[in-house]
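**Q** Quick one: the structure is below, questions incoming.
See the structure below:
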């Protein structure tokens, strides 16, 4: 049996080599590839995706899994091998239902779709992207059909990113959360607004780049096993546990967006960099779900990066780098400016209080689109009307509207809800961290992040995908995924920032 | 039969997708990969190489080739399909003799070897590289053994880069060439030496970068289908005919080395960019041999880039960019400085007159190493003593000696002779070009390269690998590959530069 397990692992290792190479193809497309390379890139992604899929769904894998099922049952359930076999079986059972052609087509149309999205966004012409998106939506519908019957066509897609979650469960979560977030945003809008005009003064790109690099190095992002580049949309990608890369984007008229992106992506990357290296080249060698992943990125971006203590650490560095832009801004104004709440158009730049509303909007649009309630051609109109409803703002063009995010061009339907789940889990973890690390605030205000990083490494990162999201959250906090700590965190923080009375 | 041909082409297309992806893995390693990624990269290259090899040598390919042999015989011999089938058959017949494990190992040890070479070069410690190189030499010996019997163990390796060539034929060529080049270098050394002290003044990196970019753009290197990056060793790589990338390296105390590298690699890249797009994703979609490839790079670097006419075009730009470094240097001194002949340590920076001596040295060392006449451990000593013999110079360390070139770390044994062949072919083509394009000198001095580029595209580039090197040279020049035009070119040029009487 040990031989069969070794054989299975070897085959899985090679499949993961292919997945890492696919990640490189995508990273390169988003950072370096000249526009003329897109047809080649689409073929390369399609061929490699097909081969990876054929290898995972090969009869030999199914037979090895069958042969190993008694062996697996006898292993301690928390052992690495038991968890590995469980996940391989889950992935095998899922992928074996999907025809290779659909996988190949998905890789091809999303490689082409990404370039079309970039052009459409640059030129603010949704029509350039529309035919691509129509193909992608159709492909995702066909993919979901492979798993019929389902409660909602959304479920098989969501399951790829957030195991154990369903559209119905997300709805329950969002239905509870929405009125509380709307109420908070409303209360804030009735308080006196914070002035953050300084945030949109001129912050030269190269200095922003240096500031961001310095901060994430201090966080503990390991540049021996990673690098940061610029891309149209910030992302993290893993080319193996020894090579976890991030990207950011910088706007010279925005102090926080580039830095926030860097801290966010470094949070993702430190998760992967912290995984036990013995899980490399296997499905255990990645974050357990995108929700848990997002808990890491949002924790570093917000609980740390937008905290009063971090601003104490950041402020003198920022003043030194941008003395003109920050003239007349004291530490308190700096902190409050960074935490100004005002419903706005761009998700990745949204304040903490309104962020989840962006996610709810996307979730509803995805549900409507996949269930055929409206067409891709109507997307811009639907988007704009929902923005008005949810956030009270109206995009003046698609560039800052429906074309703002890369996800749909990559076919990532079912992905957005994980951002909101990440916010909730981040707050749950933060409560526990504050308990476990006395003096955490002092550490942060002194730029000392190693205690925090090691806590995360030990409690979250090292496990990779060994535990399911709910198992992991329960293991660490003793509770299920819940929105209570998040709303408590938001209410406390923003009542203080806006000088409002305590809230429920 | 058309169906079978289509099926074969489809399989070959996918194999070439894998080759292009392998090229990306290597490009990324040499330009971007963090050091921690090397183990993952080695596994990825090994897995992909194995899959590409297994696919090419699959029974189904052999059967399709057999089924198509009568069909092939009836095609016009110069038709694309006939040429394609011929090359697929050649590659299949060769690779089917090689075990997949050897291919996989080669990819793994060369990925690791490259990083070891980089470190060894940085630290000037040959011992860091030695065990890697020993593995690589052993692997190449085993690879060559797959093709026994052979006249020389070198032949199967050389054949991968230069079909129709053998170690014996290279010896004949070099034995004729060596005394003539040695005599020329000696004559020059007895003439009054040119002063080129200005060449090693300070030339800021960013300005050199801009100058190089401008020049190769003017040559016609297409940045829509390519890009230039920095790497420890300059190279060109094709990720598909829509994405042909080059790298360069810049030394601030050397006016020409970065620019020369850029022009050289752009010469390679324009060859691939000029191939008929219908050959993309097939073995026809690349240069027909490395010798012919090198004829293109050396032609742009030397026949163009070191010509009197080009210096007329370059000089005012250079003076504008580097007014301090070029103070007191007139156009004539500039031209003569760039063409100063002085035997030196670094091949890629060698003058035209002594360049081939570097190649002969490497050829002899490779022959000795592969035939077991000396060990990797002796390499540094052998190198230094041959440098003294051939070029009369002695490396003061391995960094500028045996560790200077990337090739052996990549396992590229049998590759170096193609550089000398390229020089010869470049001169043969140049004679024809000068005949075919009246006023070429004037075009060049005005920075107008389109006539030249289009001549090359039409006569050389577009054919890809349709014709063998000898076929192509005969088709264009009416003669075999020969050293006569090259020696004539060198003698004419350098007698003029050094004010010597007519030679040869």
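Residue numbers (our numbering), protein chains in the order written: chain A, 200 to 703; chain B, 200 to 703. Beta carbons are placed, not taken as given, at the ideal position from N, Cα and C, and that holds for glycine.
At which residues does the alpha helix (DSSP H) containing residue 427 of chain B begin and terminate?
**A** Looking at the DSSP string, residue 427 of chain B is not in any alpha helix (DSSP H); the run it does join, the beta strand (DSSP E), is 427-429.
**Q** In this structure, does DSSP put residue 715 of chain B in helix, strand or coil?
**A** For residue 715 of chain B there is no data in the structure shown, the boundaries of chain B being 200 and 703.
**Q** Looking at chain A, is there any beta carbon in it that lies within less than 9 Å of the beta carbon of residue 232 of chain B?
**A** With its beta carbon less than 9 Å from one in chain A, residue 232 of chain B belongs to the interface.
**Q** Can you list the residues of chain B that residue 424 of chain A reaches, using a CB-CB cut of under 9 Å?
**A** Those within 9 Å of residue 424 of chain A in chain B are 233, 234, 235 and 236.
**Q** In chain B, which residues lie less than 8 Å from residue 302 of chain A when you measure between Cβ atoms?
**A** Going along chain B, no residue has its Cβ under 8 Å from residue 302 of chain A, so there is no contact; the nearest lies around 14 Å.
**Q** Could you give the uninterrupted runs of the alpha helix (DSSP H) lying entirely in the region 207-263 of chain B, keeping only those of 4 residues or more?
**A** 237-255
**Q** Can you name, in chain order, every residue of its own chain whose Cβ lies under 6 Å from the Cβ of residue 384 of chain A, other than the five neighbours on each side?
**A** 552 and 553
**Q** What are the residues that DSSP puts in a beta bridge with residue 437 of chain B?
**A** Answer is B:443.
**Q** The alpha helix (DSSP H) with residue 300 of chain A in it runs from where to where?
**A** 299-322
**Q** Under a three-way DSSP split, which group does residue 525 of chain A fall into?
**A** coil
**Q** Can you find a CB in chain A that lies within less than 9 Å of the CB of residue 617 of chain B?
**A** no
**Q** Does the Cβ of residue 570 of chain A have 16 or more other Cβ atoms within 10 Å, making it buried, or fewer, making it exposed?
**A** exposed
**Q** Which one of B:205, B:245, B:299 and B:217 has the shortest CA to CA distance from residue 264 of chain B?
**A** B:205
**Q** Can you check which of these residues, B:341, B:276 and B:280, is closest to residue 200 of chain B by C-alpha distance?
**A** B:280
**Q** Judging by CA-CA distance, which residue of B:249, B:234 and B:207 is the nearest neighbour of residue 217 of chain A?
**A** B:249
**Q** According to a CB-to-CB cut-off of less than 8 Å, which residues of the region 472-493 of chain A neighbour chain B?
**A** 479 and 480
**Q** Let's test the definition: count the other Cβ atoms within 10 Å of the Cβ of residue 573 of chain B and tell me whether it reaches 16, buried, or not, exposed.
**A** exposed
**Q** Taking residue 250 of chain A as the query, report the chain B residues whose CB atoms sit under 7 Å from its CB, ordered along the chain.
**A** 250
**Q** Just tell me which of A:517, A:578 and A:618 has its CA closest to the CA of residue 557 of chain A.
**A** A:618
**Q** Quick check: residue 465 of chain A and residue 445 of chain A, are their CB atoms within less than 9 Å of each other?
**A** Taking 9 Å as the Cβ cut-off, residue 465 of chain A and residue 445 of chain A qualify as a contacting pair.
**Q** Classify residue 433 of chain A: buried if its beta carbon has 16 or more other beta carbons within 10 angstroms, exposed otherwise.
**A** buried
**Q** Should residue 684 of chain A go down as buried or exposed, given a rule of 16 or more other Cβ atoms within 10 Å for buried?
**A** buried
**Q** For residue 371 of chain A, count the other beta carbons within 10 Å of its own beta carbon; 16 or more makes it buried, fewer makes it exposed. Which is it?
**A** With fewer than 16 Cβ atoms within 10 Å of its Cβ, residue 371 of chain A is classed as exposed.
**Q** Under a three-way DSSP split, which group does residue 361 of chain A fall into?
**A** coil
**Q** From which residue to which residue does the alpha helix (DSSP H) around residue 415 of chain A run?
**A** 404-418
**Q** Nearest to residue 427 of chain B by alpha carbon, out of B:688, B:413 and B:312?
**A** B:413
**Q** Does the separation of the CB atoms of residue 527 of chain B and residue 236 of chain A fall below 9 Å?
**A** Their beta carbons are not under 9 Å apart, which means residue 527 of chain B does not touch residue 236 of chain A by this criterion.
**Q** Just the chain A side, please: which residues come within less than 8 Å of residue 255 of chain B by C-beta, in chain order?
**A** Those do not exist, as residue 255 of chain B stays about 14 Å from chain A at its closest Cβ, beyond 8 Å.
**Q** Taking residue 460 of chain A as part of the alpha helix (DSSP H), name the residues at either end of that continuous run.
**A** From DSSP, the alpha helix (DSSP H) with residue 460 of chain A extends over 456-472.
**Q** Nearest by alpha-carbon distance to residue 597 of chain A: which of A:327, A:212, A:230 and A:282 is it?
**A** A:327
**Q** What distance in whole Å lies between the Cβ atoms of residue 430 of chain B and residue 229 of chain B, which are believed to be in contact at a cut-off of 8 Å?
**A** 5 Å
**Q** Taking the CB atoms as reference points, tell me whether residue 420 of chain A and residue 452 of chain A lie closer together than 9 Å.
**A** no
**Q** Give, in chain order, every residue of the region 399-430 of chain B whose Cβ lies closer than 9 Å to some Cβ of chain A.
**A** For the region 399-430 of chain B, residues whose beta-carbon sits nearer than 9 Å to a beta-carbon of chain A comprise 421, 422, 423, 424, 425, 426 and 428.
**Q** Please tell me whether residue 204 of chain A has its Cβ less than 9 Å away from any Cβ of chain B.
**A** no
**Q** With a cut-off of 9 Å, does the C-beta of residue 207 of chain B fall near any C-beta of chain A?
**A** no
**Q** For a quick check, are the C-beta atoms of residue 654 of chain A and residue 335 of chain A less than 9 Å apart?
**A** For the 9 Å CB-CB criterion, residue 654 of chain A and residue 335 of chain A do not form a contact.
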